[in-house]
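Q: Numbering (my numbering), first residue to last: 132 to 628.
My questions all concern the structure below.
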């Protein structure tokens with residue numbers, strides 16, 4: 132792992148080349164204004180769905196579906212083993228009993244599956260009491276759903292497993308409005324429709340297996356990552372590994388915040404315009420990917436401001452690296468080293484969720500029947516209804532578009548500026564300052580919500596470490612692509628597409 136010289140060339144500037152300091156203060160005002168505006172939109176200020184959000188499915192509904200299917204699937208897989216029983220899993224399901232009327236009615240079905248029809252009726256009574264206490268008025272469809280479930284659970288409590296009190300119209304309503312939950316409600320463990328029961332439980336088991344397997348993979352990578360991170364730290368302390376970014380040699384550092392501000396504006400305008408112009412959901416994600424790549428035209432700004440293209444590429448990491456053939460493999464190793472950092476960030480986000488209320492309704496109180504404010508990405512709702520062409524588009528955006536564009540602008544342009552303006556502080560202070568600032572901005576403009584900021588900052592810190600170590604952006608792009616690709620794959624397997 133011996134490392135002697137940077138893979139980022141330090142270009143000698145000609146004597147007659149003027150210093151172009153740019154307008155970094157003005158650029159930072161624009162950046163902060165744009166970041167604040169985007170953060171506001173991502174956290175409740177948006178009047179319309181996110182461009183990547185499928186209008187047919189709210190992200191919080193898909194998250195509840197995954198959680199419920201996991202619990203039901205795990206109970207089914209472990210029912211004959213000396214592991215967690217259905218009642219124990221039901222305790223874990225308790226936080227799902229919040230949010231809209233529809234969400235709470237879905238929980239009634241989970242309660243019946245894990246704890247029996249008497250518990251389901253108790254949950255229904257609790258919902259009715261909360262509705263009366265809060266003065267909330269149910270609409271016609273909500274009343275019909277509640278009545279259908281009440282009739283069904285009353286039959287089940289009387290051991291009438293065919294649900295004779297439920298009309299065909301009510302059965303269809305449950306299926307149409309509650310989807311998988313409706314199918315589960317109409318196929319109880321003690322029922323006679325074994326084919327329907329097998330289908331609904333098989334999908335739950337698939338979700339449980341996908342999530343449990345991904346958890347096992349994460350734990351394995353975490354162990355390897357801890358060892359790799361310790362070895363890397365020791366190598367840095369002993370001098371075997373050195374930073375690849377050398378600062379203090381550029382006359383252009385002030386131009387790069389201007390470039391980042393131009394990119395932020397261009398990215399927002401292009402993606403929003405694409406979302407408004409393309410009404411066909413089947414092609415919207417593909418057009419958004421095109422808009423993402425189109426935002427890289429912001430790199431023309433430093434060239435227009437007089438920076439040679441060769442210097443721009445060197446400054447932002449658009450180089451082949453010191454070891455071109457090895458950089459992709461180093462990217463894989465960089466991702467493994469990022470896992471322990473991500474784990475710490477995830478724990479911080481979890482603590483933040485618990486302190487603020489994990490599933491606190493958007494409207495505030497627990498009885499106002501507002502949607503739950505779970506941290507999630509809008510892409511979740513698109514995955515729920517994705518066909519093969521949409522899956523291709525999602526991988527294009529998540530595993531290629533986002534890594535290339537975001538690494539270029541955050542770990543390339545922004546990080547270079549921050550390192551240049553702080554290099555006199557010494558390497559460690561400059562690195563920490565630059566990494567934290569660029570990681571924070573990266574995190575807050577993502578749509579997962581503010582409680583996810585620590586986790587998003589953690590992955591960004593790992594990517595920044597790869598950028599500092601290698602100079603080239605190839606490893607951080609590879610690591611970013613692996614992370615997004617793995618998450619998307621797990622989500623697809625868990626949902627069952």
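For glycine and all other residues, C-beta sits at the position ideal for the given N, C-alpha and C.
Note that the structure is a prediction, hence the values are computed from the model and not measured.
Only counting the same chain, and skipping five residues up and downstream in sequence, which positions put a Cβ closer than 8 Å to that of residue 459?
A: 605, 606, 609, listed in sequence order.
Q: Specify the secondary structure class of residue 503 as computed by DSSP and reduced to three states.
A: strand
Q: Can you tell me the Cα-Cα spacing of residue 368 and residue 568, whole angstroms?
A: So the two alpha carbons sit approximately 24 Å from each other.
Q: For residue 229, which three-state DSSP category applies?
A: Note: residue 229 maps to coil in three-state DSSP.
Q: Rounding to the nearest angstrom, what Cα-Cα distance links residue 320 and residue 358 in this structure?
A: 46 Å
Q: Grouping DSSP H, G and I as helix and E and B as strand, with all else coil, what is residue 372?
A: coil
Q: According to the neighbour-count rule (16 or more other Cβ atoms, all chains shown, within 10 Å of its Cβ), is residue 309 buried or exposed?
A: buried
Q: Do residue 384 and residue 577 count as a contact pair if the criterion is CB distance below 7 Å?
A: no
Q: Is residue 557 helix, strand or coil when you go by DSSP?
A: coil
Q: Express the C-alpha separation of residue 477 and residue 637 in angstroms, rounding to a whole number.
A: Outside the shown range of the chain (132 to 628) lies residue 637, about which nothing can therefore be said.
Q: Between 553, 171, 573, 191, which has its C-alpha nearest residue 509's C-alpha?
A: Of 553, 171, 573, 191, the smallest CA-CA separation from residue 509 is found for 191.
Q: Count the other CB atoms within 10 Å of the CB of residue 430; is the residue buried (16 or more) or exposed (fewer)?
A: buried
Q: Where does the unbroken alpha helix (DSSP H) through residue 592 begin, and where does it stop?
A: 584-601
Q: Per DSSP, what kind of secondary structure is residue 144 in: helix, strand or coil?
A: Low per-residue confidence applies at residue 144: pLDDT is 44, beneath 50, and the placement is therefore not dependable enough to give any value.
Q: With distance defined between alpha-carbon atoms, name the residue in 243, 346, 349 nearest to residue 285.
A: 243
Q: Report all residues from its chain with a CB closer than 7 Å to the CB of residue 461; omit the five preceding and five following residues, and keep chain order.
A: 601, 606
Q: Suppose contacts are defined by Cβ-Cβ distances below 7 Å. Is residue 196 in contact with residue 236 by that definition?
A: no
Q: Short of 7 Å in beta carbon distance, which residues of its chain neighbour residue 570, apart from the five on each side in sequence? Order them along the chain.
A: 588, 591, 592, 595
Q: Does the stretch 340-348 touch the stretch 519-528, meaning 3 or more C-beta pairs lie closer than 8 Å?
A: no
Q: If I'm right that residue 328 touches residue 318 with Cβ under 8 Å, what's the distance once you round it to whole angstroms?
A: 4 Å
Q: Expressed to the nearest angstrom, what Euclidean distance is found between the alpha-carbon atoms of residue 614 and residue 439?
A: 33 Å
Q: Rounded to the nearest angstrom, how far is the Cβ of residue 397 from that of residue 371, given a contact under 8 Å?
A: Taking the Cβ atoms as the reference, residue 397 lies roughly 41 Å from residue 371, outside the contact range of under 8 Å.
Q: Spell out a yes or no on whether the stretch 387-396 and the stretch 531-551 are touching, meaning 3 or more CB-CB pairs, one atom from each, closer than 8 Å.
A: Short answer: they touch.
Q: Residue 391 and residue 162 look like a contact to me (Cβ under 8 Å); what is the Cβ gap, rounded to whole Å?
A: 6 Å
Q: What number of angstroms, rounded off, separates the C-alpha of residue 573 from the C-alpha of residue 539?
A: 12 Å
Q: Would you tell me roughly how many angstroms separate the C-alpha atoms of residue 201 and residue 618, rounded to the nearest one?
A: 16 Å
Q: Roughly how many angstroms separate the alpha carbons of residue 490 and residue 230, rounded to a whole number?
A: Because the pLDDT of residue 490 is 45, which lies under 50, any placement of that residue in the model is unreliable, and the question is left without a value.
Q: Closest to residue 625 by C-alpha separation, out of 336, 289, 275, would be which residue?
A: 336
Q: Using C-beta distances below 8 Å, list every residue in its chain close to residue 218, excluding the 5 sequence neighbours before and after it, in chain order.
A: Here the set comprises 245, 246.
Q: What is the DSSP secondary structure of residue 383, counted as helix, strand or coil?
A: coil
Q: With C-beta atoms as the reference, is residue 374 less than 7 Å away from residue 233?
A: no
Q: Apply the 10 Å Cβ neighbour rule to residue 697 and answer buried if 16 or more other Cβ atoms are within range, or exposed otherwise.
A: Residue coverage of the chain in this structure runs from 132 to 628, which leaves residue 697 outside it and unanswerable.
Q: Starting from the C-beta of residue 399, find all residues in its chain whose C-beta is less than 6 Å away, skip the five residues before and the five after it, and write them out in chain order.
A: none
Q: Specify, as a first and last residue, the run of the alpha helix (DSSP H) that residue 259 falls within.
A: 248-265
Q: CB residue 315 to CB residue 297, shorter than 7 Å?
A: For residue 315 and residue 297, no; Cβs fall outside 7 Å.
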